[in-house]
Amino acid sequence: MSARQVAYRNARLIDPDSGLDAPGEILTTGRLITDFGPDIFSGGTPEGAEIIDCDGQILCPGLVDMHVFTGEPGAEHKETLESVTACAAAGGITTLITLPNTQPVIDDVSLVEFVKRRARSRGIVTVHPMAAATQGLRGDAMTEIGLMRQAGAVAFTDGRKAIASAVLMRRLLSYASRFDALIVQHVEEPSLAENGCVNEGEIATRLGLAGIPDVAEAMILERDLLLSELTGARYHAAQLSSARSVDIMRRAKRRGLPVSCGVSAAHLALNEFDVGSYRTFFKLSPPLRREEDRAALVAGVADGTIDVIVSAHDPQDQDSKRLPFAQAASGAVGLETLLAIALESYHNGHADLLTVLRALTIAPARLLGLDCGRIARGAPADLTLFDPGR
Numbered sequence: 006m007s008a009r010q011v012a013y014r015n016a017r018l019i020d021p022d023s024g025l026d027a028p029g030e031i032l033t034t035g036r037l038i039t040d041f042g043p044d045i046f047s048g049g050t051p052e053g054a055e056i057i058d059c060d061g062q063i064l065c066p067g068l069v070d071m072h073v074f075t076g077e078p079g080a081e082h083k084e085t086l087e088s089v090t091a092c093a094a095a096g097g098i099t100t101l102i103t104l105p106n107t108q109p110v111i112d113d114v115s116l117v118e119f120v121k122r123r124a125r126s127r128g129i130v131t132v133h134p135m136a137a138a139t140q141g142l143r144g145d146a147m148t149e150i151g152l153m154r155q156a157g158a159v160a161f162t163d164g165r166k167a168i169a170s171a172v173l174m175r176r177l178l179s180y181a182s183r184f185d186a187l188i189v190q191h192v193e194e195p196s197l198a199e200n201g202c203v204n205e206g207e208i209a210t211r212l213g214l215a216g217i218p219d220v221a222e223a224m225i226l227e228r229d230l231l232l233s234e235l236t237g238a239r240y241h242a243a244q245l246s247s248a249r250s251v252d253i254m255r256r257a258k259r260r261g262l263p264v265s266c267g268v269s270a271a272h273l274a275l276n277e278f279d280v281g282s283y284r285t286f287f288k289l290s291p292p293l294r295r296e297e298d299r300a301a302l303v304a305g306v307a308d309g310t311i312d313v314i315v316s317a318h319d320p321q322d323q324d325s326k327r328l329p330f331a332q333a334a335s336g337a338v339g340l341e342t343l344l345a346i347a348l349e350s351y352h353n354g355h356a357d358l359l360t361v362l363r364a365l366t367i368a369p370a371r372l373l374g375l376d377c378g379r380i381a382r383g384a385p386a387d388l389t390l391f392d393p394g395r
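So that you can map any letter, position 186 of the sequence shown is 191 in the numbering used here, and since no number is skipped, the others follow by simple counting.
See below:
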């Protein structure tokens, strides 16, 4: 039985990897792109191929989201791998990366294999797991990075927990450098952030809430960048939230360090004023900060200082959010709105379309060593079709 073919016609093809932005067509056969270009169907489409008229809409590589919390295993009442991949597909995401903050923690080979096996059998899109950098996310002993990398873990992190010990972080980076493994850090100094729930400043004072200063982020970031320089290891700051951090990362990149960083779509679009009258659905980690910080994050995406845009999808049930602000859980869903919110920077004239889509496709794919996020012959047939004006 021959592989299913799909002919995409009348599309605006955008490929951030090659810089392509032109009218064109794509032919996929099975799971691969077999041809693309301006007039590949001038002589007609292959017999039996399904024809999709794109009606002039953008057809780009499928989105890659490298920062997704999910409930499975352990909190399936919040979300399962089946439901999270369905949400991802609805948002144009064809590859998602799960974080290890589950019950049990993804900190050994068998659990990495479980996530991959479960996602293959139940998932709609491709799922790759990040594994824990420390045992049980306790921040006191390294996991078996080499073995879990062989099992399919694409990076190593303690998720929403910062690795606070400088000694342990140095050991992690040194060990990871042997495998060219990527260490991903939640950049927030725990003792400075303890009990905080909003950005430190006037809004926190007015609401009577404990604040988290932006220096809590900057301190960990500066330390880790020095350790990356010392060890030569690859390092990724998961989510920047402040202008101070963008400046720090910009300087590090100018020095040629093997470092990268991300930002959530929410932090590109919202600021601390959106917390309003204790809106717990805007309680995020890191917290929403000043408008000046939000603008600096957008500028960081535009000039390439910030490499990737993520959803930071972190589902919470109603019981976790319908609490006083300080007690409510941090996090919000974001898969289905990732593209729409990220495109606001383009619509507002702050970043060009190729730059925004690069941060959603080829940039995260390359950081993680994945063969996706591009339009090329022989590349995976992971594609996203959307109207940028809607």
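C-beta: ideal position from N, C-alpha, C; glycine also.
Asked: Nearest neighbour of S316, chosen from Y351, R249, E84, A243 [CA to CA]; Found: A243
Asked: Buried or exposed (CB count within 10 angstroms, at least 16 for buried), P43; Found: exposed
Asked: Bounding residues of the alpha helix (DSSP H) (the contiguous stretch that carries Q244); Found: That residue, Q244, is in no alpha helix (DSSP H); it is neither H nor E in DSSP.
Asked: D376 versus A384: straight-line alpha-carbon distance, rounded; Found: 7 Å
Asked: C-alpha distance - A79 paired with N15, whole-angstrom precision; Found: First, the amino acid is wrong: residue 79 is Gly here, not Ala. Distance between the alpha carbons of G79 and N15: 45 Å.
Asked: 8 Å Cβ cutoff met for G378 and P66; Found: yes
Asked: Alpha-carbon spacing of H191 relative to L231, whole angstroms; Found: 16 Å
Asked: G271 to I346 span [Cα, whole Å]; Found: Reading off the sequence shown, one finds Ala at residue 271, where the question assumed Gly. Distance between the alpha carbons of A271 and I346 is about 7 Å.
Asked: Between the CA atoms of E205 and I380 - distance to the nearest angstrom; Found: 44 Å
Asked: Where the beta strand (DSSP E) through D70 begins and ends; Found: 68–73
Asked: Cβ-Cβ separation, A138 to L177 (assumed contact under 8 Å), whole Å; Found: 6 Å
Asked: Alpha-carbon spacing of L388 relative to D252, whole angstroms; Found: 34 Å
Asked: DSSP beta-bridge partners of H133; Found: I102
Asked: Secondary structure of L289, DSSP reduced to three states; Found: coil
Asked: H318 - partner residues in DSSP beta bridges; Found: V73, A337
Asked: Pairwise C-alpha distance: Q140 and A331; Found: 28 Å
Asked: Alpha-carbon spacing of R249 relative to R127, whole angstroms; Found: 42 Å
Asked: Burial state of R143, where buried means 16 or more other Cβ atoms lie within 10 Å; Found: exposed
Asked: Own chain residues within Cβ distance below 8 Å of T342, not counting five before or after; Found: G96, A270, S316
Asked: Cβ neighbours of G49 in the same chain (closer than 6 Å, five flanking residues each side left out); Found: none
Asked: Coarse secondary structure for C92, derived from DSSP in three states; Found: helix
Asked: Local conformation of V189 per DSSP, three classes; Found: strand
Asked: Under the three-state DSSP convention, the category F330 falls into; Found: coil
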